[in-house]
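A.B. asks: Oh and the first sequence: position 147 is 155 in the working numbering, straight run, nothing missing.
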Amino acid sequence: MRILQLHSNFIEYEAVEKEIELAEEPEKLQDRLEEVVVLFTAIEDGDDTNVAMKAMEATKKSLDQLKVNRVLVYPYAHLSSNLAKPSDALKILKGMREIAKSMGLETYSTPFGWCKKFSISIKGHPLAEHLRIVTSEAAKEEEEGVCEAIKAEEKLKSFWYILKPDGELIPANEFRFKDCKSLEKLCRYEIKKSRAVQQVPPHVPLMKRLEIADYEAGSDPGNLRWYPKGRMIKSLIEQYVTGKVIDYGGMEVETPIMYDIEHPAIAHYLQRFPARQYLLCSDKRDFFLRFSACFGQFLMVHDAQVSYRQLPLRIYEMTKYAFRREKSGELTGLRRLRCFTMPDCHALVADLDQAKKEFLVRFKLSMGILENGLELSKESDYELAIRVTKDFYEENKEFVLSLVKLFGKPVLLEMWEERFFYFVLKWEFNFVDNLNKASALSTDQIDIENSRHYDMTYVDENGEKQFPLVLHCSPSGAIERDVYALLEKAHRDSLKGKVPILPLWLAPTQVRIVPVSEKYLDDCEKLMKQIEGCSIRVDIDDRPLSLGKKVRAAEKEWVNYVLVIGEKELDSDVLPVRDRKAGKKSRNMKVQELVDEIQAETAGKPFMSLTLPKLLSRRPQFAF
RNA sequence: GCCUCGGUGGCUCAGCCCGGUAGAGCGGCAGCCUUGUAAGCUGUUGGUCGCGGGAUCAAAUCCCGCCCGAGGCUCCA
9 MRILQLHSNF IEYEAVEKEI ELAEEPEKLQ DRLEEVVVLF TAIEDGDDTN
59 VAMKAMEATK KSLDQLKVNR VLVYPYAHLS SNLAKPSDAL KILKGMREIA
109 KSMGLETYST PFGWCKKFSI SIKGHPLAEH LRIVTSEAAK EEEEGVCEAI
159 KAEEKLKSFW YILKPDGELI PANEFRFKDC KSLEKLCRYE IKKSRAVQQV
209 PPHVPLMKRL EIADYEAGSD PGNLRWYPKG RMIKSLIEQY VTGKVIDYGG
259 MEVETPIMYD IEHPAIAHYL QRFPARQYLL CSDKRDFFLR FSACFGQFLM
309 VHDAQVSYRQ LPLRIYEMTK YAFRREKSGE LTGLRRLRCF TMPDCHALVA
359 DLDQAKKEFL VRFKLSMGIL ENGLELSKES DYELAIRVTK DFYEENKEFV
409 LSLVKLFGKP VLLEMWEERF FYFVLKWEFN FVDNLNKASA LSTDQIDIEN
459 SRHYDMTYVD ENGEKQFPLV LHCSPSGAIE RDVYALLEKA HRDSLKGKVP
509 ILPLWLAPTQ VRIVPVSEKY LDDCEKLMKQ IEGCSIRVDI DDRPLSLGKK
559 VRAAEKEWVN YVLVIGEKEL DSDVLPVRDR KAGKKSRNMK VQELVDEIQA
609 ETAGKPFMSL TLPKLLSRRP QFAF
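In structure tokens:
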């Protein structure tokens, strides 16, 4: 028996004509019901009243969850290709209605054996749509205490462990998280799905106040606007990540952001995740906006000549943009967007051996980007989660452990009984934020399916075509999410009594010059030119405000270094430097010493000139 | 979609319970002050109180419907 259960706002139906001899004489030829759960039901060969009983028991349970007491039993043959004989079906359907009534449900039914037309409005919540399949075997087995349906779910069910660098594998619920508080938070988030407080995430007011990004009412939710400072931060991170991937050997490419829905290689992706795309109609063709750079890169590789000598073949794109039409309630600040920027680096490898070697290289690359680039620390900011099929784990224990050893502390390991995605192994670095939510940043996967789907091949030593394995890596995760992590980390620091600050190479203003009065403006501009010439972002607060107010403004903007310039400074070659990182204490430094310090700290990082007017009086205010 | 909270000058919010001429701070603008390390002073501009309807002599305030936003549920290739 198959029951497609739909929680609907209303359904209207009309019985049009009898289709078979056996058709029921209906009480009503048409009707409209509101706030009802519709049970489209197909009775299959072998079903009996016992099956109907089991099906209704499960249905009742689910109705209780939905807090609905009104059902419409709607015979619907199209759910199965293994239908029962009509006479049996009718008998069982009648039984079902009686069972429903005896359970206290307000039960309606549409006539069996009729061609009917109907309109239905379905509620959008996650439990609104559900397909229930009950077979006679399952019903029998359940009597003995085992349910086939539950067994089937078990296959999809995953098992959670903690894997320690010493190789010990402990079920997650038995692990003692004494020194791993944020790993504990990750586990709680992933396994128990528990959520803490109702609160706007701290990075949201920060992203506005610091004039980084903001919501854009004129667009679709989850498509944000980026102010000059935010755009600069994003751009710098993009440049940095791209540079690192190119150093690793990635060939940077650019591919279209939209694809034809009918394209055969792409179709199976969409069938699998049909509801998450932006769709775009243009003339007579339908397109979807890409949700990753896989399509473009795979289509490119499909058309390329690749020899085994060229493997691993690394191909890379800073995906601008990836679009995922997440449900509106799922969107959050910079953490979860509908439009985002994501570095996406694929590697084609000949075999599992090569995959493993490459995987480790990319693991280190990703870790380096988080640690050195974003200045996140695995000690306090992010945790490793590994997801693997049971078979792969059993056969490659040592390899999985080598990742954990590289990470150097216990990790969360999710094990699947069976593979139900395209990959057999995946890891993610998860940032754990102030509301104890975890978000994946860097990730890499071993994909064993897509080279076939996209017909990507290489030619081996014997001149024969082979399908490679494909690794999917985002070494930093979405750039917007990186900014989220930086802001959440800064907020966490401020809760601990530390000053919130951005990494120096990302700070829009690295040095702020504050003249004591307008008299010193010319001298300030000279100083600015001198510092600016050393590839440092510097500006001047030339507004006619009190000194205290200008210093306060600089602190509120998280400016790293503040130089107050007045009579004293002009007479001396040593400047009192207000250093935010050093707790705002004044440090006496020569200009060259300050320049050297900044250059040392930002060495190896990309640099951009300030894109805002250097004089603060010339700047518009975008927020607050 | 459901639940919760919210929508009042550019921004943050008070006022709403208990109906009676729309308020504050910040910002902007004009001026004074010429400043010594997290808010100097004065003046001033700026609002069909999300939209529609209802009851009332009278609605930001009460009632009904709707729209929009955030968070939660769920989801996260």
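For every residue, glycine included, the Cβ atom is placed at its ideal position computed from N, Cα and C. Just so we're clear, the structure is a prediction, and the values are computed from it rather than from any experiment.
Just verifying my parser: in three-state terms, what is the DSSP assignment at L620?
C.D. replies: The answer is coil: DSSP assigns L620 none of H, G, I, E or B.
A.B. asks: Between the stretch 25-32 and the stretch 45-57, do at least 3 Cβ pairs fall closer than 8 Å?
C.D. replies: Verdict: no, contact absent.
A.B. asks: DSSP has P351 in a bridge; who is on the other side?
C.D. replies: DSSP lists M326 as partners of P351.
A.B. asks: By how many angstroms is the C-alpha of M266 removed from the C-alpha of M259?
C.D. replies: So the alpha carbons of these two residues sit roughly 21 Å apart.
A.B. asks: Determine the contact status of I130 and M64, defining contact as a CB-CB distance below 8 Å.
C.D. replies: Contact flag unset, no.
A.B. asks: State buried or exposed for N438, treating a residue as buried only when at least 16 other CB atoms are found within 10 Å of its CB.
C.D. replies: Counting Cβ neighbours within 10 Å, N438 comes out buried, since at least 16 surround it.
A.B. asks: For V142, count the other beta carbons within 10 Å of its own beta carbon; 16 or more makes it buried, fewer makes it exposed. Which is it?
C.D. replies: So V142 counts as buried.
A.B. asks: Return the residue from the list V412, R343 and R395 that minimises the CA-CA distance to M375.
C.D. replies: When each option's Cα is compared against that of M375, the closest is V412.
A.B. asks: CA-CA distance, D53 and S459?
C.D. replies: The alpha-carbon atoms of D53 and S459 are separated by roughly 40 Å.
A.B. asks: Whole-angstrom Cβ separation of K125 and Y21, contact assumed at under 8 Å?
C.D. replies: So it is a contact: roughly 7 Å between Cβ atoms.
A.B. asks: Is it true that the CB of E426 sits closer than 8 Å to the CB of T397?
C.D. replies: Result yes, Cβ atoms of T397 and E426 sit closer than 8 Å.
A.B. asks: For the beta strand (DSSP E) containing N17, list its first residue and its last residue.
C.D. replies: That run of the beta strand (DSSP E) goes R10 to K26.
A.B. asks: Spatial neighbours of M111 within its chain, please: C-beta separation below 8 Å, excluding the five flanking residues on both sides.
C.D. replies: For M111, where only same-chain residues beyond five positions count, the Cβ hits under 8 Å are M64 and K68.
A.B. asks: Name the residue from F331, C302 and E325 whose alpha carbon lies nearest to the alpha carbon of Q285.
C.D. replies: Ranking the options by Cα distance to Q285, first place goes to F331.
A.B. asks: Going by the CB atoms, is the gap between F303 and I274 shorter than 8 Å?
C.D. replies: Yes, the pair counts as a contact, with Cβ atoms nearer than the cut-off.
A.B. asks: Can you list, in chain order, the residues of its chain with a C-beta nearer than 8 Å to that of M536? Leave out the 5 residues immediately preceding and following it.
C.D. replies: Excluding positions up to five away in sequence, the list reads I521, V546, D547, I548 and K622.
A.B. asks: Going along the chain, which residues of its own chain have a beta-carbon closer than 6 Å to the beta-carbon of E219, five neighbours each way excluded?
C.D. replies: Cβ within range, chain order: Y235, K237, F630 and A631.
A.B. asks: Can you tell me which of S88, H211 and I170 puts its alpha carbon nearest to the alpha carbon of I199?
C.D. replies: Nearest option by C-alpha distance: I170.
A.B. asks: Report the rounded CA-to-CA distance for K365 versus L414, giving the unit in angstroms.
C.D. replies: Approximately 13 Å, taken between the alpha carbons.
A.B. asks: Return the Cβ separation of W566 and A493 in integer angstroms, given the expectation that the two are a contact with Cβ distance under 8 Å.
C.D. replies: Going by Cβ atoms, the distance from W566 to A493 rounds to 16 Å, so no, they are not a contact pair.
A.B. asks: So, are the CB atoms of L139 and F120 less than 8 Å apart?
C.D. replies: Not closer than 8 Å, so no.
A.B. asks: My guess is that I487 and K242 are in contact by the Cβ rule of under 8 Å, so how many angstroms apart are they, rounded?
C.D. replies: Indeed they touch by this definition, with Cβ atoms about 5 Å apart.
A.B. asks: Leaving out the 5 sequence neighbours to the left and right, which residues in its chain are closer than 8 Å to V524 when beta-carbon positions are compared?
C.D. replies: Excluding residues within five positions, the ones whose Cβ falls inside 8 Å are L555, V572, I573, G574 and E575.
A.B. asks: How is the alpha helix (DSSP H) around F415 delimited, first residue to last?
C.D. replies: From DSSP, the alpha helix (DSSP H) with F415 extends over K405 to F415.
A.B. asks: When you compare the CB positions of A393 and W435, do they come within less than 8 Å of one another, or not?
C.D. replies: Going by C-beta atoms, A393 is nearer than 8 Å to W435.
A.B. asks: Helix or strand or just coil, what does DSSP make of L479?
C.D. replies: Three-state result, L479: strand.
A.B. asks: How should F167 be labelled, buried or exposed, when 16 other C-beta atoms within 10 angstroms of its C-beta is the threshold for buried?
C.D. replies: It counts as exposed.
A.B. asks: Taking 8 Å as the threshold, find out whether the stretch 341-359 comes into contact with the stretch 479-486 through three or more Cβ pairs.
C.D. replies: Yes, they touch.
A.B. asks: Is it buried or exposed, F429, if we count other Cβ atoms within 10 angstroms and call 16 or more buried?
C.D. replies: Classification for F429: exposed.
A.B. asks: Alpha helix (DSSP H) containing Y248: first to last residue?
C.D. replies: Taken as a continuous stretch (DSSP letters only), the alpha helix (DSSP H) holding Y248 covers P236 to Y256.
A.B. asks: In angstroms, rounded to a whole number, what distance separates the CA positions of I128 and E224?
C.D. replies: Looking at the two C-alpha atoms, the distance is approximately 34 Å.
A.B. asks: As a quick exercise: from S543, D579 and K564, pick the residue whose alpha carbon is nearest that of A608.
C.D. replies: The candidate whose alpha carbon is nearest that of A608 is S543.
A.B. asks: List the DSSP bridge partners of Q38.
C.D. replies: DSSP lists E22 as partners of Q38.
A.B. asks: Going along the chain, which residues of its own chain have a beta-carbon closer than 8 Å to the beta-carbon of K372, five neighbours each way excluded?
C.D. replies: If we look at K372 and ignore the five residues flanking it on each side, its Cβ neighbours are L414.
A.B. asks: Taking a contact to mean a Cβ-Cβ separation below 8 Å, would you say S88 touches A136 in this structure?
C.D. replies: Contact: no.
A.B. asks: Since Y462 contacts F295 with CB under 8 Å, what's their CB separation in whole angstroms?
C.D. replies: So it is not a contact: roughly 18 Å between Cβ atoms.
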